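Number of protein chains: 2
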Amino acid sequence: MKLSTKGRYGLRAMFDLAQHYGSGPIPLKSVAERQDISEHYLEQLISGLKKAGLVQSVRGAQGGYSLARKPGEITVSDVLRVLEGPMGPVDCVLEQDAVKCSRANDCISRIVWEKLRDSMIKTMDSITLQDMCEEAEKLKKKSENYMYYI
Amino acid sequence: MKLSTKGRYGLRAMFDLAQHYGSGPIPLKSVAERQDISEHYLEQLISGLKKAGLVQSVRGAQGGYSLARKPGEITVSDVLRVLEGPMGPVDCVLEQDAVKCSRANDCISRIVWEKLRDSMIKTMDSITLQDMCEEAEKLKKKSENYMYYI
DNA sequence: ATAATAACCAACTAAATCGATAGGAATTAG
DNA sequence: CTAATTCCTATCGATTTAGTTGGTTATTAT
């Protein structure tokens, strides 16, 4: 019941782009360095995010990636859906393309998994990249205050 | 972000035992047949559940397994914790033995994962095996009504 | 006693997935 | 032109998954 590095790295990368939103295209190399992720691997992840329309790219020198929408209009679930596939703790309750099994009609576990899926989606839907940026601001101010008193 | 068969099969098996609660020890063979799970594989799963004190066993002929507590006193999270390990979508926010990473102090993703973890736990904590048995009763009555009108 | 039942135990394995790495082609700014 | 950067495909070692195999031990019914 774990996320893979795709989801984890991918969200970190998107958060990074959100923090640089409005500053033109950001080269993946710099994202990879700041977030300490293999650049080549990140490339694969962002390729999916581009296909899904969450980021846009500019090729060539001075190129890079940027968010395709405002940070407030991209949720954590948007990102995770692309990188981890449709949400759901088991295949028979996936949001999309759920694989009905033979016992689907009277499977009580299924009801449990549906509830779990819904609570996960609700939580991930409620957090946008902007929310994350605001949290980062809070944290920054906190640490500045702290420094002040040393 | 998927459960393994351990969690899925294990919950089905525990639900099966819950439905037979009070009828003495249930041989694993019959659970495996009803739930369509390899008996030998189920053995491995239930061994963990026994160690965790969720089921008790009686050896020898007429032996088998039974719940160690009332179905209303065993939650889905109790079962999943044993079979899937401590809950948490990433290692740095596990309920127990969380692995702090180097960026833990100012990692915003971490806040997201904590929220996700909490919503998952809340949901799984709120469902007991008895709840599942009651759902099964509901479903049974529904289908009986349906049959009546054919 | 003996046969049957059923828990218990340990080792092995095929297949899939993960987390990259490797190497280059296409595009663009300066 | 050339340096930077996206884009694309293929490969790979390690780990995990989902079992299977082949037993041993304990208990009960006959």
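Which chain is which? The protein sequence lines are C and V, in order. Last residue of the first sequence: 461 in the working numbering, with the numbers rising by one and none dropped. Last residue of the second sequence: 461 in the working numbering, with the numbers rising by one and none dropped. A virtual CB, placed ideally from N, CA and C, is assigned to each residue, including glycine. Please read all numbers here as calculations on a predicted model, not as lab measurements.
Selection V:Ile432, V:Gly375, V:Ala447 and V:Thr386 evaluated against Gln330 (chain V) yields V:Ala447 as nearest (Cα-Cα). In this structure the segment 427-442 of chain V lies against the segment 386-403 of chain V, because at least three pairs of beta carbons, one per stretch, are closer than 8 Å. Identification of chain C residues near Glu395 (chain V) by a Cβ-Cβ cut-off of 8 Å yields Met312, ordered along the chain. In the displayed model, Ser368 (chain V) falls within a strand according to three-state DSSP. In this structure, Val342 (chain C) places its C-beta atom within 8 Å of the C-beta atom of Leu328 (chain C). Taking the CA atoms as reference points, Asp402 (chain V) sits about 11 Å from Arg319 (chain C). Put simply, the CB of Asp417 (chain C) is near chain V, with a gap under 8 Å to one of its CB atoms. Annotation: Glu344 (chain V) to Pro338 (chain V) spans about 10 Å, alpha carbon to alpha carbon. The C-beta separation of Lys317 (chain V) from Leu394 (chain V) comes to about 4 Å, placing the pair in contact by the 8 Å criterion. At a cut-off of 8 Å between beta carbons, Leu365 (chain C) makes no contact with chain V. Closest in C-alpha terms to Leu353 (chain C), from the list C:Ser430, C:Gly321 and C:Leu391, comes C:Gly321. The beta carbon of Lys451 (chain V) sits closer than 6 Å to none of the beta carbons in its chain outside the five residues before and after it.
Straight across, the Cα-Cα distance linking Phe326 (chain C) with Glu425 (chain V) is about 16 Å. If only complete runs of 4 or more residues are kept, the segment 326-393 of chain C shows the alpha helix (DSSP H) at 339-346 and 350-362, in order along the chain. Excluding five sequence positions before and after Pro382 (chain V), the CB atoms of its chain that fall closer than 7 Å to its own CB belong to Ala329, Tyr332, Thr439, Leu440, Gln441 and Cys444, given in chain order. Taking all protein chains shown into account, Gly371 (chain C) has fewer than 16 neighbouring C-beta atoms within 10 Å of its C-beta and is therefore exposed. DSSP places Leu314 (chain C) outside any alpha helix (DSSP H), giving it a letter other than H or E.
Here Met312 (chain C) is near Leu314 (chain V), since their CB atoms are less than 8 Å apart. Against chain V, the beta carbon of Ala447 (chain C) has neighbours under 7 Å at Ile419, listed in chain order. With respect to Arg323 (chain V), Ser413 (chain C) sits apart: the two C-beta atoms are not nearer than 8 Å. At a cut-off of 8 Å between C-beta atoms, Ser358 (chain C) does not count as an interface residue with respect to chain V. Shown in chain order are the members of the segment 322-344 of chain C whose Cβ falls below 8 Å from a Cβ of chain V: Leu322, Arg323 and Phe326. For Thr434 (chain V), the C-beta contacts it makes with chain C under 7 Å involve Lys426, Leu427 and Ser430, in order along the chain. When Cβ-Cβ separations below 8 Å define contact, Ile385 (chain C) makes no contact with chain V.
Taking the C-beta atoms as reference points, Ser368 (chain V) is found no nearer than 8 Å to Lys362 (chain V).
Just so you know, the alpha carbons of Gly335 (chain C) and Gln407 (chain C) end up roughly 34 Å apart. Leaving aside the five residues that flank Val410 (chain C) on each side, the residues in its chain whose CB is nearer than 8 Å to its CB run, in chain order, Asp402 and Cys403.
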